[in-house]
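Asks:
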Amino acid sequence: MKTYVLGALTVASFALPAAAQDAMDVKLGVLNDRSGVYADLSGEGSVVAARMAVADFGAADKGLNVEVISADHQNKPDVASNIARQWYDQDGVDAILDVPTSSAALAVADITAQENKILIDSGAGSTQLTGEQCQPTTIHWTYDTAALAKGTGGAVTEGGDAKWFFLTADYAFGHSLEEETSKVVAEAGGEVVGTVRHPFPATDFSSFLLQAQGSGADVIGLANAGGDTVNAIKQASEFGITQAGQSLAALLMFITDVHALGAETAQGLVLTEAFYWDHDDDTRAWSARFEEEFGSKPTMVHAGVYSGTMHYLRAVEATGSTEGDVVAEWMKANPFDDPLFGEGYVRKDGRVIHDMHLYEVKSPDESTGEWDLYNLVATIPGEEAFLPMEGSGCAFANAG
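Taken in order, the sequence shown gives residues -20 to -1, 1 to 380; the numbers are from mature numbering (1 follows the signal peptide of the UniProt record, and there is no 0).
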């Protein structure tokens, strides 16, 4: 492994040997949070997932010399943009993977389109990536705020908690999640009685939780993610909010978050995921390999990086090209049957359509091990989980 320094950023480079001297060079950049609130759900685990995909694809045997590099965007759009430009203009990167933090993802998507490269986003959630700010070379793989709202927001409201108060991360992702969930709540006959926005990232949620507690809401919707969600839930428990009768709805929660909280604190939470390690034999087998390599079970973001990389490499092999428009066209024209996500396809606007799953966190008595954390409540077919392309605001997808 070689390490390079870009200002304050460290970039690790991993190379697989070429099968022959005339092998086609392909360079992938995993761009994500490697030191902040999203490091556990993406971070180095996404690099491991990308490397696993390269190995499982048999890239070297197929004449592809694939290199994977990585960098920390620090959840800042300007940092992400600077790295993306350097990768494309100077370092020969062909595709960028992961990119949590929607504001950073939207910035990288614009640059990627300008450079005719590919962005396969697994970590960000904003529907704007395939909406009004869509780009023809962006593939949004794993989840988005509409699918989360459909799953968790719909289930909680239909279960009787009709009055919502949102505690929202103050950036593009949080705004999108609050907006999409508010629509689902209204459609289910509920109402939003208030909202408060917190800085991203945050550590002290006391004043925000006190506002939520005094709002008269049945449920406090946490429109945030990662460390922010974990800290908000811990502090809500300390304040006795759930004990006093209000419910918490974690609108985006990852297996690593639940693991950090523990089943005692998280039990009963309802959440929506695209992937769970214990879903079936295929997910268990892959997750065991990932855990052996990385030391913990994968999140849905890690799984999305793996699957998205596999589909990208199929496109490069089939077309003999790394040009963004060529690769994107192939990825959209060819459905996939994936061991981690099942059958799916990439829509014209770049939205990947696959099933989503509604889970409930097990009680400590139900759990048989530290990662045995979910009971499956329902599976939401992809066509129902994600917004329709028509009316999305994606100009190129809806043209003609």
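Don't be surprised by glycine CBs; every beta carbon is placed ideally from N, CA and C. Being a predicted model, the structure only gives us computed values, none of them experimental.
What is the residue span of the beta strand (DSSP E) that SER50 lies within?
Replies: From DSSP, the beta strand (DSSP E) with SER50 extends over 44 to 52.
Asks: Quick one: Cα of ALA60 to Cα of ASP208, how far?
Replies: Those two C-alpha atoms are separated by around 21 Å.
Asks: Between the Cα of ILE119 and the Cα atoms of SER106, LYS130, GLY131, LEU128, which residue gives the shortest distance?
Replies: The option with the nearest alpha carbon to ILE119 is SER106.
Asks: Distance check for GLY43 and ILE200, CA to CA, integer angstroms please.
Replies: If you take the alpha carbons of ILE200 and GLY43, they lie about 53 Å apart.
Asks: Identify whether ALA(-13) lies in helix, strand or coil by the three-state DSSP scheme.
Replies: A caution first: ALA(-13) carries a pLDDT of 42, below 50, which makes its placement in the model unreliable, though a value can still be read off. The answer is coil: DSSP assigns ALA(-13) none of H, G, I, E or B.
Asks: Does the contact criterion of 3 or more C-beta pairs under 8 Å hold for the segment 228 to 248 versus the segment 340 to 352?
Replies: Counting Cβ pairs under 8 Å, three or more are found: they touch.
Asks: In chain order, what residues of the same chain lie with their CB nearer than 6 Å to the CB of ILE221, ignoring the 5 residues before and after it?
Replies: Closer than 6 Å at the Cβ level, and outside the excluded window around ILE221, lie GLN193.
Asks: Between VAL326 and GLU340, is the Cβ-Cβ spacing less than 8 Å?
Replies: Contact flag unset, no.
Asks: Could you check which residue in GLY206, ALA40, ALA51, TYR256 has the C-alpha nearest to that of ASP2?
Replies: For the residues GLY206, ALA40, ALA51, TYR256, the minimum Cα distance to ASP2 belongs to ALA40.
Asks: Between the segment 266 to 275 and the segment 17 to 30, are three or more C-beta pairs nearer than 8 Å?
Replies: Verdict: yes, contact present.
Asks: Say yes only if the C-beta of ASN314 is nearer than 7 Å to one or more non-hydrogen atoms of the ligand GTP, and no if none qualify.
Replies: With respect to the ligand GTP, the structure shown offers nothing to examine, as it has no ligands at all.
Asks: Out of curiosity, what's the CA-to-CA distance linking PRO344 and VAL238?
Replies: Each residue's Cα considered, the two are about 12 Å apart.
Asks: Can you list, in chain order, the residues of its chain whose CB lies under 6 Å from that of SER287, leaving out five sequence neighbours each side?
Replies: Answer for SER287: ASP318, LEU320, PHE321, listed in chain order.
Asks: Under the three-state reduction of DSSP, which class applies to VAL88: helix, strand or coil?
Replies: It is helical.
Asks: Can you look up THR(-18) in the DSSP assignment and give me helix, strand or coil?
Replies: Note that THR(-18) scores 43 on pLDDT, short of 50, meaning its location in the model is unreliable; the coordinates nonetheless yield the value given after this. Three-state result, THR(-18): strand.
Asks: Leaving out five residues before and five after THR92 in sequence, what residues of the same chain have Cβ atoms less than 6 Å from its Cβ?
Replies: Hits under 6 Å: LEU99, THR117.
Asks: Since GLN223 contacts ALA197 with CB under 8 Å, what's their CB separation in whole angstroms?
Replies: Not really, about 16 Å apart at Cβ, beyond 8 Å.
Asks: Skipping 5 residues on each side, what residues in its chain have a beta carbon closer than 6 Å to that of THR289?
Replies: Excluding sequence neighbours, THR289 sits near ALA30, ALA33.
Asks: Can you grab the Cα-Cα spacing for the pair residue 395 / ALA212, in whole Å?
Replies: The first residue shown for the chain is -20 and the last is 380, placing residue 395 beyond what the model contains.
Asks: Based on DSSP bridge pairs, tell me the residues matched to ASN378.
Replies: Beta-bridge pairing links ASN378 to no other residue.
Asks: Within 10 Å of its beta-carbon, does THR183 have 16 or more other beta-carbons around it, so buried, or fewer, so exposed?
Replies: Classification of THR183: exposed, given that the 10 Å Cβ count is below 16.
Asks: What residues match up with MET4 in a beta bridge as DSSP calls it?
Replies: Beta-bridge pairing links MET4 to LEU44.
Asks: Contact defined as beta carbons within less than 8 Å: I believe VAL10 pairs with LEU77. What is the distance between those atoms, to the nearest angstrom?
Replies: The pair is a contact, with the Cβ atoms about 5 Å apart (cut-off 8 Å).
Asks: Report the three-state DSSP secondary structure of ASP214 (helix, strand or coil).
Replies: It is Lys, not Asp, that sits at residue 214 in the sequence shown. Three-state DSSP puts LYS214 in a helix.
Asks: Report, in whole angstroms, the separation of the C-beta atoms of MET369 and ALA377, which I expect to be a contact under 8 Å.
Replies: The pair is a contact, with the Cβ atoms about 6 Å apart (cut-off 8 Å).
Asks: Three-state secondary structure (DSSP) at VAL173?
Replies: Three-state DSSP puts VAL173 in a strand.
Asks: Please name the residue in ASP124, ASP258, CYS114 whose C-alpha comes closest to that of ASP329.
Replies: Nearest of ASP124, ASP258, CYS114 to ASP329, Cα basis: CYS114.
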